[in-house]
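Here this note's numbering is used: the first residue of the sequence shown is 19, the next is one more, and so on. All C-beta atoms in this analysis are idealised placements derived from N, C-alpha and C, irrespective of residue type, glycine included. What follows is a short report on a single structure.
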Amino acid sequence: MTRGFTLAALLSALIATPGVSVAQDGIIAIPSFTIPATPAPTDVPDPSADPDLAGDPLLDAAPAPVDPLDPGAGRLARHGAVSSVETVEEIAARKPIAPLLSLRAGANPGTTLRMQGENPEAEFSIFLPREAVPGALQLAHSSGVDVMPERSVIDVFVNGTEVGRVAAGRFEEDGPDLIEVPEGIWRGGRNEVVLRMRQAHRLFCGPEAAFDLWTDIDMTGSGAVLDSRPFSPGAMDFLAGVAHDAGLGRAIAIKDLSDRAKLAEPVLTELAQRLTGYLRGRILTYRTADLYEVAEGADTGLPQPLARITLLPGWGETEPRAEFRRGGDGAIVMALSVPERILSFGDAEAFLDTLLADLEGDDTMLDALAVQTGIDPRTQMPSGEAVTLASLGLETMRTSSHYFRRDQIFTLPRDWLVLTAQKAMLNLDYAYARNLPEKSIMLIRVNGETVRLLPLTGMGGEPIEQFPIKFNANLLREGPNLLQFEALIPGDPEDAACPDDSFPKLEIRGSSTLRVPESPRLRLAGMRLPVFALRGSGITVNGTGLEDLPTAERLTLKAMLGEAIPNASRLTVVTADRMGELPMGAYNISRSELHKALERKWTEPAAAVPDPADRIGELPDDLFGDAIVSPEPARAGAGDGRFFMLNLSLEDLRRRIYAVRDRLMPDPNAEAERWLGDQYGHALLAQLDRSDPRALWLVIEEEDDLIEVMASIASSRRSIGGPSGQIAVLDDAGYWRSWYDSRQLPELAEPLTLRNFRYVLGNYASWSPVAFTAILFGLAVISALIALRFVIVSRED
């Protein structure tokens, strides 16, 4: 026992020494935002060596276990004092870094962001402790070989102020850049960092050359270099630690010392949802940490985790209590104690309002709402009214690039459906430069379909206002839709580097308006609405309810999918070996075909694709690719069995008869099995039993990560590429591919009146023209028979 106390005291003394910890990519970071406490005496054990428990009157009487320390901290500290003559880089290398946090969606978007093209721009957040005074911004980046360093730069803006410019075109081994940030620009809490690049190709100029230009930003090696650290941690410091760990792709650790996770769940759930809001909608993951676990950073090579939550035993209090402490490994710890009763969510909200008062007033909750409801409020638009693109989030933009693309999501009501030939209208305000090269064009796409090609030659230099662009409204769907502007401007010349006289080539103004026609309240049966209404409280896994899952998984799912709502959907998750539990309803689809879609793997080498979280609004290429045209059959000679009246072979005639039969009486089971035969993936989402329209079933392989699949479902609610129809497969590239049952009738959600009768009838007729024609033909035959009968009867009289 004495040996254990001596070792604990020795470790406490080592961590109190101003040292450093783990080296990663040339960065040696202190695993703390706080100044170490005064060293504990080495001759007696320190009962408060674990600050997760320090100050607890119930535990002060007995020694508490020591939090594990970074194994490298003491070893590096023994090297002695740093030389009195140091460069700025050497000073930064031994200071902690608050890393860049990308605004990408998803549970784990990765630690590297690629900026591609001639003039890419990216936004980041940096969360700083309350009393921190950072001096510099560190930027770790590397570029492709085609980037010309002499003419490629990165302009850096912090909180709207330009703080410096660094040269691009570097390689990883060149090390990071340090940019001095003037005093007064950094602030405690969230800071906005914008990187604007200008990249030039070494040899060529034009749209194709622009695709070869890229620079990767290492977000774990980039961030604010902290010159000082706070003495007393608070809510803002805890948030900075959470942002640090999220930037490294780490889950937030939860230590339960008192087995009170169930009692603390209302507070933890509300806290998780608020953290998602403070971090601009980023989905956080959580994990249950063992009290005596080895420091996480020691095995990964990354800096130490800087935030965690510890649940403490109570001592008879009637209300929840919490405070922020500095852990023995330097992390900011939220020490939480709850009473021996189940708190209401109202009590939890009031408690956190007080505890997190320093964080209130932040403007990031809008993004959390987008994650938790599936709709970004800024993109919502009514039908039947013209709205400006600026009101949807697309402000006036200019580009000097030879290749330019801008995507904008707009969201229609969930009961909107137009299947007829009605037109939507985009009135475009734009301008382009004079004397652009021939073949300069701008493509306008709606949900991946090109609706207009505009030449950018002639009439240049003058604004073009309210240029009308009509497109079929049946390209749109309820919920999120995608509007894309894509410009391709050839180089002049194309076989040499672009001249160094960049000028604005195209401007698209936010005053442009978009109008979609009104629609009766109609819906197509499918999974889009149930996925939108899915919440974390309605999930069961292999027969186990959410309440029986580990605390960390429950928190992750609830924060990911949002608060409970009336009429929320329910999701049942089963592993592939329990495929027999999947309800089939009126379908008779082979379960073996469903299983094969999960077992089948893509055998050809897949091309590199961006992270799925970067593709909000995009769909798989093959959905919008060129149509597959079957080769024309060779002409047959005499005696080949051709049907002489139609000049068709008997085989062609049989095939056409079957095609007409399939159009009139489709077999959904055969259609689904043919579609499944071409699919490969690792998760299958289905809604085949229409008797319960709110029920969804998810099938995954046993080795798959449920949290990653659920993160894909959550982020897809803001995109046009999410699961829909009756069956959807999540492929290895992160895309959802869906199958629709062509027999599903649109569902009318309002009374049929004289005012909406024509629109409702038109939608049903457009849903199946063949069936509608057959019905009209049948009515005509019946009418003719009635008329004929009337004529015969009248003649007999």
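Taking residue i as the reference, which of the options has the closest Cα?
| i | options | result |
| --- | --- | --- |
| Phe485 | Leu329, Arg527, Leu616 and Leu600 | Arg527 |
| Gly466 | Glu180, Ala353 and Gln502 | Gln502 |
| Ser737 | Asp510, Thr397 and Leu474 | Thr397 |
| Arg183 | Tyr448, Arg214 and Ser160 | Arg214 |
| Leu547 | Gly740, Ser529, Asp376 and Thr233 | Gly740 |
| Asp759 | Pro225, Ala688 and Ala451 | Ala688 |
| Leu454 | Lys441, Gly478 and Arg359 | Gly478 |
| Ala515 | Phe222, Val211 and Val181 | Phe222 |
| Arg423 | Glu139, Ala505 and Glu599 | Ala505 |
| Ala704 | Phe363, Arg673, Val165 and Gly544 | Gly544 |
| Ile272 | Val351, Val356 and Glu480 | Val351 |
| Arg452 | Ile810, Pro481, Ile804 and Ala439 | Pro481 |
| Pro323 | Arg813, Thr771 and Ala269 | Ala269 |
| Arg220 | Pro431, Pro167, Asp236 and Glu226 | Pro167 |
| Gln217 | Gly241, Pro138, Leu668 and Glu669 | Pro138 |
Less than 7 Å between C-beta atoms, sequence neighbours within five positions excluded: which residues of the same chain meet that for residue i?
| i | result |
| --- | --- |
| Leu361 | Pro284, Val285 and Pro338 |
| Thr287 | Leu573 and Lys576 |
| Ala110 | Below a pLDDT of 50, predicted positions are generally treated as unreliable, and Ala110, at 44, falls in that range; no measurement from the model is reported. |
| Thr179 | Ile203 |
| Leu437 | Asn492, Asn781, Ser784 and Trp785 |
| Ala798 | none |
| Ser101 | Annotation note: pLDDT 32 at Ser101 (below 50); position unreliable, no value reported. |
| Leu637 | Caution applies to Leu637, whose pLDDT of 41 falls short of 50 and renders its modelled position unreliable; the model cannot decide the point. |
| Val405 | Met399, Thr531 and Leu532 |
| Ile804 | none |
When you compare the CB positions of residue i and residue j, do they come within less than 7 Å of one another, or not?
| i | j | result |
| --- | --- | --- |
| Leu155 | Val199 | yes |
| Arg326 | Ala290 | no |
| Leu671 | Leu532 | no |
| Phe189 | Ser170 | no |
| Leu763 | Tyr605 | no |
| Phe428 | Asn499 | yes |
| Glu525 | Arg416 | yes |
| Asp371 | Ala253 | no |
| Leu748 | Leu589 | no |
| Val163 | Leu231 | no |
| Ser143 | Leu131 | no |
| Tyr304 | Ala732 | no |
| Ala282 | Val356 | yes |
| Arg618 | Tyr698 | yes |
| Ala353 | Leu330 | yes |
| Pro535 | Gln440 | yes |
| Val727 | Ala701 | yes |
| Ala158 | Ile172 | no |
| Leu118 | Ala258 | no |
How would you write the range of the beta strand (DSSP E) that residue i sits in, first residue to last?
| i | result |
| --- | --- |
| Glu483 | Ile482 to Asn490 |
| Ala340 | Arg339 to Arg344 |
| Trp232 | Trp232 to Leu244 |
| Leu454 | Element bounds for Leu454: n/a, residue is neither H nor E. |
| Glu525 | Leu524 to Ile526 |
Under 7 Å between C-beta atoms, does residue i make it to chain D?
| i | result |
| --- | --- |
| Val243 | Although the question refers to chain D, the structure presented lacks it and comprises just one protein chain. |
For the alpha helix (DSSP H) holding residue i, just list the boundary residues, first then last.
| i | result |
| --- | --- |
| Arg692 | Pro686 to Leu694 |
| Leu147 | The residue you asked about is not Leu; residue 147 is Pro in the sequence shown. Where Pro147 is concerned, there is no enclosing alpha helix (DSSP H), given that its DSSP letter is neither H nor E. |
| Arg736 | Here Arg736 belongs to no alpha helix (DSSP H), and DSSP marks it neither H nor E. |
| Met254 | Ala253 to Gly265 |
| Gln291 | Ala279 to Tyr296 |
| Tyr777 | Phe775 to Trp785 |
| Gly364 | Phe363 to Leu373 |
| Leu612 | Arg609 to Glu617 |
| Ala228 | Pro225 to Phe229 |
For residue i, I'd like the list of residues in its chain whose CB is within less than 6 Å of its CB, leaving aside the five on either flank, ordered along the chain.
| i | result |
| --- | --- |
| Arg539 | Asp433, Ala767 and Glu768 |
| Glu765 | Arg541 |
Ignore the nearest five residues each way along the sequence and tell me which others in residue i's own chain have a CB closer than 8 Å to its CB.
| i | result |
| --- | --- |
| Leu714 | Met545, Pro548, Val549, Leu552, Ser587, Arg588, Leu589, Thr590, Leu703, Ala704 and Gln705 |
| Asp510 | Cys223 and Pro455 |
| Val809 | none |
| Pro342 | The sequence as given places Phe at residue 342; Pro does not occur at that position. Closer than 8 Å at Cβ, skipping near neighbours: Pro251, Gly252, Ala253, Asp255, Phe256, Ile350, Val351, Met352 and Ala353. |
| Arg708 | Ala543, Gly603 and Ala604 |
| Ile487 | Met443, Leu444, Asn445, Leu446, Ile462, Val469 and Arg470 |
### Message
Just to confirm the assignment: which complete alpha helix (DSSP H) runs, minimum length 4, are found wholly within the stretch 162 to 223?
### Response
Inside the stretch 162 to 223, DSSP marks no whole alpha helix (DSSP H) run of 4 or more residues.
### Message
Threshold first: 4 residues or longer. Then list the alpha helix (DSSP H) segments lying entirely within the stretch 406 to 430, N to C.
### Response
The stretch 406 to 430 contains these whole alpha helix (DSSP H) runs: 407 to 410.
### Query
Which ranges does the beta strand (DSSP E) cover as unbroken runs of at least 3 residues, wholly within the stretch 515 to 569, from first to last along the chain?
List check, beta strand (DSSP E) in window: 524 to 526, 531 to 533, 540 to 542 and 552 to 559.
### Query
In the stretch 720 to 761, which residue ranges form an unbroken beta strand (DSSP E) of at least 3 residues, counting only runs that do not cross its ends?
The beta strand (DSSP E) runs of length 3 or more contained entirely in the stretch 720 to 761 are, from start to end of the chain, 745 to 748 and 754 to 757.
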